[in-house]
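**Q** Just add 164 to the spot in the sequence shown (first one is 1) and you have the numbering used here.
All C-beta atoms, glycine included, are put in the ideal place defined by N, C-alpha and C.
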Amino acid sequence: MLTIEDLRQVAEERRSENMALSLAYATTLARLIPANFILVIGAALLALVAGGGFLIDNQILSPTTAGVLSLISGALTIVHSKLGCESYQAECKKLASIHRGIAVDYGHTLIVEDLQELRQRLMSLDEQMAATIKSAGALPFESALQRAKAATN
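#1: Where does Ser305 sit, in a helix, a strand or coil, going by DSSP?
#2: Are Ala188 and Ala300 closer than 7 Å when you measure CB to CB?
#3: Determine the extent of the alpha helix (DSSP H) in which Leu166 is found, giving its start and end residues.
#4: Less than 7 Å between the C-beta atoms of Ile236 and Pro227, yes or no?
#5: Of the choices Ser186, Ala230, Leu196, Glu169, whose alpha-carbon is the least far from that of Gly248?
#6: Specify whether the segment 284-291 and the segment 266-274 touch according to this definition: at least 3 beta carbon pairs, one from each stretch, less than 8 Å apart.
#7: Run the CB neighbour count on Ser186, radius 10 Å, all protein chains shown included, and call it buried at 16 or more, exposed below.
#8: Should Ile262 go down as buried or exposed, given a rule of 16 or more other Cβ atoms within 10 Å for buried?
#9: Excluding sequence positions up to five away, which residues of its chain have a Cβ less than 7 Å from the Cβ of Gly206?
#10: Taking Ala300 as part of the alpha helix (DSSP H), name the residues at either end of that continuous run.
#11: Going along the chain, which residues of its own chain have a beta-carbon closer than 8 Å to the beta-carbon of Gln253, five neighbours each way excluded?
#12: Please report the Cβ distance between Leu282 and Ile168, rounded to the nearest whole angstrom; I am assuming they are in contact, meaning their Cβ atoms lie under 8 Å.
#13: In the DSSP assignment, the alpha helix (DSSP H) including Leu233 goes from what residue to what residue?
#14: How is the alpha helix (DSSP H) around Gln253 delimited, first residue to last?
#15: Verify the contact flag: Ala175, CB atom, against every heavy atom of the ligand NAP, threshold strictly below 6 Å.
#16: What whole-angstrom Cβ distance do Ala184 and Ala312 have, given they're in contact under 8 Å?
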């Protein structure tokens with residue numbers, strides 16, 4: 165039979181695990197910023213420059229250069245789209261928030277004094293955590309997860 169201290173230890177371990185997952189997703193998102201900048205902002209700026217007819221009219225940009233810039237812009241947009249970057253990033257943001265919330269909830273169980281109430285809360289949070297993991301549409305980078313685990317332990 166588990167004691168209240170045993171259950172608090174379980175709660176603390178799960179709190180730490182969820183904080184690590186939240187941090188790993190946030191770190192993964194941070195690492196994607198440069199690629200996102202190139203693929204989204206870069207593509208938009210190239211399209212803007214290529215589409216600037218006045219640049220061609222004033223011979224600042226040749227029609228060939230404008231065409232090449234337009235092709236590069238399109239290629240960057242296709243890469244971003246086909247890699248599913250937007251949906252991956254949205255899922256990472258959502259999961260970072262969910263795991264942070266679950267970690268906070270596990271932290272709140274540490275002050276529960278009644279053994280039965282603590283068991284019920286932990287079972288409920290375990291079910292919530294399992295459902296979140298089962299429905300996760302994205303995983304954080306493995307290196308981000310390892311660093312997050314080291315930082316939260």
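**A** Quick look at the numbers:
#1: The amino acid at residue 305 is misidentified as Ser; the sequence shows Phe. Correct three-state label for Phe305: coil.
#2: Ala188 places its beta carbon 7 Å or farther from that of Ala300.
#3: Counting along the chain, Leu166 falls outside any alpha helix (DSSP H), and DSSP gives it neither H nor E.
#4: No, the pair does not count as a contact, with Cβ atoms beyond the cut-off.
#5: Residue nearest to Gly248 within the set Ser186, Ala230, Leu196, Glu169 is Leu196 (criterion: CA-CA distance).
#6: The answer is yes - the segment 266-274 touches the segment 284-291, with three or more Cβ pairs under 8 Å.
#7: A residue is called buried once 16 or more other Cβ atoms fall within 10 Å of its Cβ, and Ser186 is buried on that count.
#8: So Ile262 ends up on the buried side.
#9: Closer than 7 Å at Cβ, skipping near neighbours: Leu240.
#10: Element bounds for Ala300: n/a, residue is neither H nor E.
#11: Excluding five sequence positions before and after Gln253, the CB atoms of its chain that fall closer than 8 Å to its own CB belong to Leu193, Leu196, Asn200, given in chain order.
#12: Between Ile168 and Leu282 the Cβ distance is about 6 Å, and since that is below 8 Å, they are a contact.
#13: 227-246 is the span of the alpha helix (DSSP H), which, as asked, contains Leu233.
#14: Start and end: 249-273.
#15: For the ligand NAP, the structure offers nothing, since it holds no ligand at all.
#16: That pair is a contact at about 4 Å.
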